[in-house]
Structure formats: structure tokens, C-alpha cells
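Everything below concerns the one structure shown next.
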Amino acid sequence: MNLAFSAAEEAFRQEVRAFLAANVDGPMREMVRTGMRPEPAEIQAWQRRMHAQGWSAPTWPREHGGTGWSPTQYFIYETEAARAYAPVQPHQGLELIGPIIFTYGSEAQKAKYLPRILSGEAWWCQGYSEPGAGSDLASLKTRAVRDGDHYVVNGQKIWTSYAQAATNIFCLVRTEVKPRKQEGISLLLIDMDTPGIRVRPIITLDERHHVNEVFFDEVRVPAENLVGEEGKGWGYGKVLLDRERGISAAGALRLAQFVRVVKERAAAVRAAGGALLAEPDFRTKLAQIEVEMLALEGMSLRTLADAEAGVDSGPRGSMLKIRWSELVQRITELWAEALGTDAALMEPYAGVEAADDMPHATAAYLHMRVTTIYGGANEVQRNIIARRALGL
Amino acid sequence: MNLAFSAAEEAFRQEVRAFLAANVDGPMREMVRTGMRPEPAEIQAWQRRMHAQGWSAPTWPREHGGTGWSPTQYFIYETEAARAYAPVQPHQGLELIGPIIFTYGSEAQKAKYLPRILSGEAWWCQGYSEPGAGSDLASLKTRAVRDGDHYVVNGQKIWTSYAQAATNIFCLVRTEVKPRKQEGISLLLIDMDTPGIRVRPIITLDERHHVNEVFFDEVRVPAENLVGEEGKGWGYGKVLLDRERGISAAGALRLAQFVRVVKERAAAVRAAGGALLAEPDFRTKLAQIEVEMLALEGMSLRTLADAEAGVDSGPRGSMLKIRWSELVQRITELWAEALGTDAALMEPYAGVEAADDMPHATAAYLHMRVTTIYGGANEVQRNIIARRALGL
Amino acid sequence: MDFSLSPEQQMLRDSVERFAAEHGDFPAWRRRVAAGEAFDAAAWAQMAQLGWLGIAVPEAAGGMGFGPVETMLVAEGLGRSLCRVPYAGSCVLAPALLAESDPLLGGIVAGTGQVAAAVSEAEGRYDLAHVATRAVRLGGGWVLEGAKSFVPDGATADWFIVPARTTGGVADAAGITLFLVPATAQGLEVQRHRGPDHHHHARLVLRQVEATVLGEVDGGLAPLEAAVDRAIVAHLAEAMGSMEALRDTTLAYLKTREQFGATLGSFQALQHRMVDMAIACEEARSLLYLAALQLDAPVMARRRAVSGAKARVGQCAAFVAHQAVQLHGGVGTSDELAVSHHLRRLRVIDVLYGDSAHHLRRFAAATDAMAA
Amino acid sequence: MDFSLSPEQQMLRDSVERFAAEHGDFPAWRRRVAAGEAFDAAAWAQMAQLGWLGIAVPEAAGGMGFGPVETMLVAEGLGRSLCRVPYAGSCVLAPALLAESDPLLGGIVAGTGQVAAAVSEAEGRYDLAHVATRAVRLGGGWVLEGAKSFVPDGATADWFIVPARTTGGVADAAGITLFLVPATAQGLEVQRHRGPDHHHHARLVLRQVEATVLGEVDGGLAPLEAAVDRAIVAHLAEAMGSMEALRDTTLAYLKTREQFGATLGSFQALQHRMVDMAIACEEARSLLYLAALQLDAPVMARRRAVSGAKARVGQCAAFVAHQAVQLHGGVGTSDELAVSHHLRRLRVIDVLYGDSAHHLRRFAAATDAMAA
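Spelled out as C-alpha cells, the structure:
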């Protein structure tokens, strides 16, 4: 057992650090630092830089245009990216549909879709959730009926992130009604400019527009856009589970960004004649969060080492999701707490200057409520751990 | 709405205060103050004093020898008793079987049992729980078979408090096997010196002997000791529910005793050059507990006012039990925390002097783990609230 | 000891319930917000008609001369219906400081003159005694120089109550005087903001602003603190209305929403969460009563009750609001349901006149003072 | 970066597991406790035979010269089986302070000479630098005067390591010297206590006790702190073994125990509680590894890792132990199951060398120091 990185890994870290120093510009850095999520266009611009560096897909194997990095290299990259306030890469294409396409897709699909994901030209969104389904994803109702060499899709998706900017959507649709609801589901790749698709914005509690409803009205999708076999779509998501472990492990690192910004704010706020950061109650709350983050970091490192060794981490992926989401909520709560009465100010009237990180902290606090809901609510994660890992 | 007591109530408070000042002696006061539970003989001695004062049954109606106090008077008594570190009265006779006897018992039973409960001569214990039943009380298996003018009892009870000192036990027994397990249960009053009863001590995690297993081997109980009707025993406990609201409301007051002793210890302990009590982390934890106790006090007062007005408090009785038990655990945890390394010392070797409240704090912390289990585990209390009050 | 309402109070409560039901139409609420309306003027006018804006104003000044219980009943209804009006500041805090003869009271009762309290300074966090804004005599009057970092509902105020230092050092308890400043005063800059709760708040910059003394010179802190405590209780009652609305709407959702072939409410883990929300509401209500009924108690008892309630209700409200969002799942995070707006309003109420952490310390200090 | 065990370490782990299984016979454990046995002498002798008492002792001194990982593996087994032996004090803390040539090491390895650390004073709470016990030169040697309020497993110790002040004020970091005192020393009073964990601890009163210097005069604090950190990690490993024993036995209980016509494990609220216990164990194990692997890191990194682990593992252990009792119900509170004894041992481990609150502050200070 040891925590040391090899000399090659340390050299790699220097290379990453140099790249980030040269490529993360001031405005981008500030946006990431204050917890704002960059717009799709900005993320795409970042992806183009990563592409130019040859790093467009840090988690993909070389044969599909990825870097072929080891989990440790990926971890080093993410550690440095968090430290440098680099934006995250476009997740839906790179981590969700890309790997499904290169694992289960046809050669034609690989050739058509993968390069545009790598280059950042394509922006994918995910058509999985439906109104009325919630965490019970498999009860989806959107239908696709075969008509000659097309599928005709009718139905509705919801909570579709950045559908307003997407070029493509990957959709789970029901092609047959079976007694077991996980059967008869197929996976379709659909161009967003296909006639019959309508996108309706949903404004979330942080007052941002990042999710949508997507309506399908007689949308004709070429049959060649079916991934794998008809009716087997539910199973293809499994390829993501194994990959996800390493990714969620790395994602935990980004928490440190919030802690830094909380400390910066609390150092600037005055309380009882000193800095809020020195106030014992506040300090204890912060230390408690940091010590739990240390545990999460340890869990991440162990998960990563497992991935590196090809060993099963059991339920640790779900555990990381649960603990990460709980912690990010508490950190952003503390950030908003540090603001004091500034947390009560969201948007200045015209002509008034906005104050510091004020709207971002409140928006971040509000936005993070969703982290214990999305990707399988934490209650569902606990059900899964109880059933699969504990045998209850 | 107001929080004021009437002049008559204030006069009553003075009367109670004078009585307690004259009757709670030093050793008793010290025992209650340090969280030790007095032995049955000491509690019985206290009951004799209360009896001499005419206060042997503060919650009973006058016609059965009680004080006939209003809920507010009872509340005032308990407030003052907590402040004076008076011991609690013998609970099982006064609050559990006594009211069942005067509500459902025969005249002969009332004449035989009630006076000895009031005087403190009789010590009752409760034969409800059985191994394997836990919070699912109604699945009890102890059988009573009618044989002429006796019932013959066979079976086993567990967690029987102070069976080692009891003169009587009231037992739920199965007289008939019915499809609904709550039916066919009868309530028997049994003298502890009846042949065939064997008591086995259970030492609990606080290293004390207050609970037991009680074994019944062909124990012959006169049929006249059946309370009410055969097979209806399960229902008789209901009379306690209404009464319990006021009692648990008053019980919440006793928490203040623990807070006082924690503060005394923390004022004496040195930390970083000052008193532990002044240390910000400790102070915050204590204040957090005290503010939750204030909420509990408010809940208690409202419950009491409801009882006084004959209004239903809904699920507040169960809520009080949940919150009281959670808080008493946290207070005793904090008490043990205040002890520092003294919490690691339970019992001195012969010839070594014991240190202060050291063993009591640790024993209290350990003992209080049971409060979220007994009287219907808190999980069961939450089930009950969900079903009965929320309609889930 | 009695927690029941008098017949008049019951009538008021029923009337408030009807008001809340009428004004609880959420699509209409959203349209008004989207239109940029700074507060709910129609509801405000109706409240004036009903006499509610004068509940805490003496009868001699045209009000109803009622106490904290009636104030509480009205504020609960505002919380339940998310009604965006400057009630606690203008109708509870201000009347507690104005003399019975003050002509402003007429405007307050009529709803035509809003008064807001500017008690926060950037360097003082939640300490009312931290007053760096200075008042200097000029001719027969006073001029103020300084800044106030947060005025709840201040964007639409016609008058501001502004504490300023007349003697002593920045954080001294003595030497603070209260002043009245009209929103139109020369040298006063009102920086208006919309809050996450869609209330419209303000910051003030005062540059040689002429002002009128309110109460005693150098003796402003004690009456201010008493008035703020009354406003806090009104806000806690509002929070209570919000919390119970969340509790009820979440319970209804659990009973109807199906997932995995069963209603959400059939899952034990969610049942227990719902029970804990109900317990949090019971705790909060109990503390609210204790605080409301001790507003006229001796100062330390009042402080302990008010700060205890502010600290713990804040925690309970955060728990209830977070769980309401969680149990609603995705839709709980959308702008389109009232759930997230209750969360946002409760978040703002927590920072009004001191957050939970601040009031926990104030509660502890008052507890110590009473034991000493 | 690698969290896997070497083949030798795997062998050791297997061997420890067999040892724990053998010594985990709980009725036998209770009989030994009831007989008043101060520590498990048979297990101790077997550990000596297996060479485990010398794991942290250099090979030159007859030990195995292994590192923190091997120490951890042994301590985990002790925790799992509730083995009452003075391992961390005598075999981890003491060897870290003794010179390779010290003859005491032979007794430690053989299990015939127990060494205990007397680092606590009544007025110092958990501050290692608080040393009021004074050492004064007398002739060619030193005599000690003072008292130590807690010596873990001190009741059966043959030697005590006693920090005493040679220069400076009571809480100064400089001026502390470590001394060795035999249990039989003139003027030494050993006050023996049984703990709630059935370990036998001690307090010391020193009246003109002759003592031998250990290490450098006036420079005792830094090596003491490093040695204590090693002992802490051993105790955390022991706690880990206890926690996983509780997790496993509770899970097994949930699967078999029936109530209301179903196994306890079929109730969702209890399933989720069990999951949280499992997560707490994962957190604790992760922190344990980070701490163990940084025992030889620079001092601030070591402190941060060790104190972070001590703080959080203490919290996780309390949660796991409390929930284990709760989920077992009545029987969980009885003396007759191992469950409550694990709770008691974990409670004691939390106060050994500083409780969670103390180490959270030490963690925060180290975090600040590393950022500065």
C-alpha cells in the first residue's frame, strides 16, 4: 500500500499543469471559480482546445480517438483541472452516448457520430426521463413505431439538459409493450432538427434555463439510427456503470473548488470584529465538511485504485454519489450562509451594481438541491445498495 | 393565548416547593442529580412520603385515592420535582396497572390492589415483552389455560424491570389462538411468590441490574385475577394512551436535570486554559440541545393545555416520545464527552477513590440507548404517526 | 396557561384562511412576478381594507390595537400563500417604534405609506449594535452619512428607519439614535434588488441626508431590539405558514404520485421522512407560540424565547423545505411549482435579522444571563 | 498509488483473521471478564509467539521491523474480536520512542514487559503540550513530581513513559522531556480502574519518583506526538475491526430476525439505516488508509491525516455502534451480546489521545498551516 505516484505520473502531472496554465483564461477561470456553470458554447470552445491538444476524450480508449489514459492519469488530470478552475468537458456526448456508440453502435454510427463528439461540434442531450416516471425510469411511455425504414416517435421527455443547444438527442423509446417493463425498450439517435421535435424550457429554482421538456410529434427517425438491437436498449446503459466509478471518483475532487470559494468569502466577511472565517462556529462547520471531504477523497482514491487494478469496487460508486451530493449541498449552504444578508439579494435593478459572488452563491445553493435527486435519487441509491451489496 | 398560571396555581406551586424542600434529603438529591436511578426500596420510601402527604397518585382521580390534580397541577408538581431532584414515583403500579384496574377491574380487585399501590407497599412489574416479539408485542406466546378456577400459565417474559424486587406482575397471556393475533390475549394479575415463577437477571450495557427474564412453569393463577373479560386483554392498554400524553409531557421536564449536571461538569473541566463550558464548540453543542429542549417544552405545554381542555393532541404524544428520547441520548453523550478521559474509567480497583460523576455519566450515556427502543421503538412510533396521523 | 384562540381570534384566523386561499392562486402569483411587480399591491390594498395593516397600531392612531397573537395569525396566512407584501417591516416593526401621534401611522394603516427598517451594515453582520453610519447635528436638525447593506422590502418603502451613531464607538450599545428618512431625501441613494424570494429589497447609501430623530437621542438600541424581536416573530409566523404549506402539499403528493407500481407514500423511508417533516412543524409551532407570548416579558426572557425560536425554526424550516423538494423529485426543483418558491422565501427569512447560528449564540447568552 | 496488500501482508491478514475467529468466542470472553482478568493474557502470549508484539520493533532489536500497514492489520483483528490487550500502547507507541538498543524492547517483543504511556493531565484535557508534572535534577538523575490522569491499559504496565516539564511554562511546547518509570518505583502510586470497555486503565501520582530520561532533554514533545499519532492509527484500525464486526452482525440479524410477520431487513427504513452503517464503514476505512500511509509524511500532512481520521472515524464509529444497538433492539442493550461491548470499547477509543471534537480542531489547524 502506498499513496505515491510514479515518476511518469508526476511528469504527466507537470504536462497537464502547463497545458491548463496556458489554456484556462481569466473569464473562464472566474466563471468556474464562482460556481457558475458555463454555457454550452463556452464548454464547446473548451472542448475544441482539448481536442487540439489531443485530449478530447480522457476516458476513451485510443482506438476510438481517446487518450487511453489510465484511471490514475485521468485522476491526475481532474485534480489539476479542479485546481486550475478548468471547465468540465461536455458530459452527455463524452461519457454517456459516446461509449454506448463505440461499444454497441454500427460501424456507420461510429464513423458518423464519434468524431463530432470528440471535436466538440456535436452537442448531445439525453432523452431518458419522462413526466410521471421519475426515478422509475423503465416505466417510460414514449413510443417508436416502425414504418418502412423509419421509426415514428411520439411522446415526451423531461429534464433534458441543454436541449435548447443540442444538435442530437439519444432517446430511450418503447418499441414494444412487454410484461417486464425493462423489455421492449430501444435506443434511438435523433437529430434535433428533425421535424416534429419541440423544446420547451423549464426554469429551475436557481432561475437558470438548463433543462427542458422535449416533445416528439410524429418524428420520423431513420431506422439506421437504432443502436444495437430493437428492444434491447435498456441493457446498453450497463456499459456506463463500470466507467462511472472512475468518473464519479474524479468528480468528487471538484468539491474542493467550493471549499476554496467559501473560504475566500468568509475571509472577507466581518463578524464580531474579525473575519467570519475565524469565528469558531463557522470554522467548526467548515472543518466538519472538510473532514468528510477527506473521507470522500479516500473513497475516491480506493475506487480509482480498484479501477486501475480491474477489481470490483462493489457499491462504492453509489456510496460516492450519495456522499458527494450530500456534501456539495452542505458546502453551498455554508457558502450562502457566509453571505449573510447578501444571500437575500439575487438580481440588482437596472443601474445598480451587482455585489461579488452574491447571486452565484445563492444560485449554487439552490441548484445543488437537485444533486440528491438526479441520476437516481439518493433514496433509490440506498435501495440499490441494500439489495445488491447487502442482500436485503 | 397566554403562558400565565393562575393565582391558585401559583399558590399550589409554593406548597409543592415547600414539601419538596422538606422531604428530598441530601443523599437522594445527590443520587437523582448525578443521573443514577434509585433502587426500588428507595423509590418505595419516597412513595411512602408522598402517601403521607396525600399525594401518592398525582394522576389518579380522587375517587380511587388520587389527588384529582388538573394536568396543569401535575405539570407544576413535576417541574418542581425536577428542580428539587426528587425521585420519580413507582411508575408501573401508578401509571400502568393501577389505571387499568380502576377502569376495568372488579370491585374486589380494586379493593385488594389499589391501596397497596398508593401506599408503596406493592411493587408491580410488567409482563408484556417476550423474546422474539420485540416491538411486535401482540405476537406474544405465553399461554394461560383455564383449569377449574385457575389459569395455568406457561411461558416467558423479558425486559421485565425490577422483577427482582416486585411483589406483583401484570401479564398479557394468550388464552386462545385466533387468526388476528391481537385477539385471544388476556390480562392476568399474578403474585410474584406464586410457585413456578423464576426470575433471571439481565445485566444491561450500563452494568446495572434493572431488567430480567421471568419464566412461568405451570404457574397456577386464581381465575379471579383475570382483569375484565377473557380474550379482551389487548384492548385494556388503550386507557393508558390518553393518560400518557400528559405524563410524557411532564417527563420531558426531567431533561433539564441532565443539562444542569452537564453544565456543572463542564464548568469544572479545564480546556485550553479556560472552562470547557466556555469553549465555543462545546457551548454550541449545548446551546443546540437547549434550544431543542425549548421546543420540546413548548410541545409539552401545548399537549398539557390540550389535556386540560379535553382536546385531542393527535400524534403529539408519539412525537414527544421520539424527540425526548433523541435529546436525552444527546445530552448524556455530551455529559460523557465533558468527562474527557474520565469517561474511560468505570470502576476503581479496591482501595482507589472513585472520581466525581465519572461512572454515572458513562452509565447514563449507555443506559439511555434504550430510550429509543423501549415503549415502542422510535421506528415503530414513526410508523404509527405515518399511518394514524398522516394517513400514509 | 392557554393556547386556544379567543372567538375574535378564531374569526380573524378564518378570515386569514380565506384570504390565503384566494391569494394562493399560484399561476397568478407567477404572472405577477414575471411582470416585474415589486410587491403584491392588490393583496396589500385588500389587507388595508380588512384593517390588518393596523393590527399592531394603537386604536387611537386608527389601528386595531391588537397583540402578537393577531399579528401571528395574519403573518401565517401570508406565508401559506407566499404573499409578497412588506407586512413585518411596515406594520409590525415600524409601529413598535413610532409614537401614537406619529402621522406616519395613518399611512401605514391605509397601506399608502410603507416604512422599512435599515438595520444592517456590511461590517456588522447581524449585530444590531454595530452602527458606523454617523449622525451629525446641522443647524436645528441632523444629517446622516454612511451606508446600510440590507433593507428587507426596502425597494418600495416610502420611509426608512435608520439607526445612526450619535456618540460612542462603532459597536457600542450606547450612543445609537434612530432616525426617519423619506425615500425621496436628498443625498439618499436607494439601490434596489430583487431577492431569490421575489421580494424587492434595498441597500442604502446616505450622503449628508437630512433626518428626523425617532425616540430618544443615544437611546435607540433597546427600543430597536424590542421592535426587531416583534418583526422576527411575525416572520417566524410567516415561515410557519410556508412550512405547513410545504408539509401539506408534500403529503398530498406522496399520496397520489406513483413510482415502481406503488404510491410514494407507501415507501417506509419516505413515510418516516414525512413524519420528521411533521415533527419539525410541531417544534416550530411550539417555539413560535413561546416567542409570541413572551414579546412583552422582561428583556432576557424575551430574547431567549425569540432567539431560541429564530434559531430552531430556521433549522426546522430548512429541513422541511429541503425535504419537500427532495420528495417531490424533479418537479420540486422547477420554478413552476410553489415548492421551490417556499424554499427560497424560507431561505431569505432565515437571514432576516440574524440567521440560525447568530440567534443560537444570542439564545445561549440570554440563557446564561437568566441563570446568573 | 496502491491500496492492495503484498503477499506477505495477505498472509498476515489471513493469520490475524484466524486469530480473531479463535479469540472471538464471546462466552469465553465474558467468563474471563467476569473472573476479573485485567487483560487477555492467553491471547497476549499467543501474539508474542506469532511475533506480532514486535511488528513495529526493528529487526535489530528482535522485532519484525514492519510498518503501519502490518500494525493496522493486527489491530483490526483485535477490534473484531474485542481482544483486551495493551497492544497500541506497548507495541506501537513505546517502540516509536525507544532507542533500538533499549533493553525494554526485548520484553515488549516477548510480551513480558508492558510499557504504557502516561500523557494525560487533569487540567490539560487532550493537549499533549500541557505538562505540569515537573522533573528536577537530583544528583546524577531526575525525580518527578506530579500526577497523570489517565494511562490507557496502565493497570498492568511494568513501565510508564511519563512526559515531565524540565523548562518552560505549563502549556509550552518546548521544555518537555520524556522519562521512563518502572511500575515498582518508590513514590509512584498507580491507581487502577476498570473501564467500561473492560480494559484496565490507571492514573498515576508521582511523589519524588526517580526516573530515566528517554530521548532528548527539553525536546520530548515532537517525538511524543509522532509516537502518539502511530498509536492513534493502531486504535483506529482496532475501531475499524469493531465497526465491521458490528456492521456484519447487524446485517445478519436483520436478515434473520422476524417482526410483524417479516424479516427486519425487509423494512425500507431499516435497510437505509443499514446502508448508512455500511457507508460509515467505507468512510472510516478510507480515512484509516490515508492516515496509516501518511505516518511518515511531513508533520503537518501527518497531523492532518491522523486528526482527520481520528475525528471522523470517531463520529462514524458512534453512528455504527448506536445504530447496531438500535437495530438489535432490546437484546442490543444487554451485556450478553458482543454488540454493547463493541459500543463501549468504541466509546473509550474515541477519548484515547483526544476525542472527535479535539481532533477536528487539530485537523483544521493543520489544514490552515498547509494552505499558508
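Residue numbers (the working numbering), protein chains in the order written: chain H, 10 to 401; chain W, 10 to 401; chain U, 184 to 555; chain S, 184 to 555.
C-beta: ideal position from N, C-alpha, C; glycine also.
Within chain S, no residue has its CB atom less than 7 Å from the CB of W:Asp-366, the nearest being about 14 Å off.
Beta-bridge annotation (DSSP): S:Val-345 is paired with S:Phe-362. For W:Leu-375, a Cβ of chain S is located within less than 9 Å of the residue's own Cβ. The residues Tyr-374, in chain order, have a CB closer than 7 Å to that of H:Glu-342 in the same chain once the five nearest residues on each side in sequence are set aside. One Cα belongs to U:Ala-239, the other to H:Pro-289, and the distance between them is close to 39 Å. Spanning the alpha carbons of U:Ala-277 and U:Ala-410 requires a straight line of approximately 7 Å.
For the region 121 to 145 of chain H, the residues whose beta carbon sits under 9 Å from a beta carbon of chain U are, in order, Ser-138, Pro-140, Gly-141, Ala-142, Gly-143, Ser-144 and Asp-145. Secondary structure note for H:Gln-390: its alpha helix (DSSP H) is the uninterrupted segment 387 to 393. Membership of S:Cys-266 in any alpha helix (DSSP H) is not indicated, and neither H nor E is assigned to it by DSSP.
For U:Glu-191, the secondary structure class from DSSP, reduced to helix, strand or coil, is helix.
Interface residue (Cβ-Cβ distance to chain U less than 9 Å): H:Val-379 is classified as such. Within the same chain, and ignoring the five residues on either side of W:Glu-317 in sequence, the residues whose Cβ sits closer than 7 Å to its Cβ are Ser-79, Pro-80 and Thr-81. Using a Cβ-Cβ cut-off of 9 Å, H:Ile-331 counts as an interface residue toward chain S, since at least one Cβ of chain S sits closer than that to its own. Note that the C-beta distance between S:Glu-441 and S:Gly-262 is not below 9 Å.
When S:Arg-320, S:Ala-366 and S:Phe-343 are compared, the shortest CA-CA separation from S:Thr-350 is found for S:Arg-320. If you compare the alpha carbons of W:Leu-196, W:Lys-294 and W:Ala-276 with that of W:Gly-246, the shortest gap goes to W:Leu-196.
Check the Cα spacing between W:Trp-132 and each of W:Trp-55, W:Phe-225 and W:Lys-187: the tightest is with W:Trp-55. Secondary structure note for S:Thr-395: its beta strand (DSSP E) is the uninterrupted segment 383 to 397.
Collapsing the DSSP output to three states places H:Trp-344 in a helix. Using a CB distance cut-off of 9 Å, U:Gln-374 counts as an interface residue toward chain H. Residue pairing by DSSP places H:Leu-249 opposite no residue, since no beta bridge is assigned to it. Listed along chain W is no residue with a C-beta nearer than 7 Å to that of H:Asp-158; the closest approach is about 51 Å. The region 298 to 310 of chain S and the region 537 to 550 of chain S touch, with no fewer than 3 CB-CB distances between them shorter than 8 Å. The secondary-structure analysis by DSSP pairs W:Asp-200 across a beta bridge with W:Asn-177.
Looking at the backbone, the Cα of S:Arg-215 and that of S:Glu-259 are separated by about 21 Å.
W:Thr-293 has a beta carbon lying within less than 9 Å of a beta carbon in chain H. Secondary structure of W:Pro-99 (DSSP, three-state): coil. Judged by DSSP in its simplified three-state form, W:Phe-84 adopts helix. Here the region 232 to 244 of chain W does not lie against the region 282 to 302 of chain W, with fewer than 3 beta-carbon pairs under 8 Å apart. Against chain S, the CB of H:Gln-297 has a partner CB under 9 Å away; the residue lies at that interface.
Distance from the CA of H:Val-300 to the CA of S:Gly-424, rounded to the nearest whole angstrom, comes to 21 Å. C-alpha of S:Ala-414 to C-alpha of S:Val-334: approximately 13 Å in a straight line.
Under the DSSP assignment, W:Ser-65 falls outside any beta strand (DSSP E); it carries neither an H nor an E label. Closest in C-alpha terms to H:Thr-112, from the list H:Ala-275, H:Arg-252 and H:Leu-149, comes H:Arg-252.
H:Lys-187 sits in coil when the DSSP states are folded into three classes, being neither helix nor strand.
Ranked by how close their Cα comes to the Cα of U:Ala-428, the residues U:Ala-347, U:Leu-280 and U:Ala-521 have U:Ala-521 in first place.
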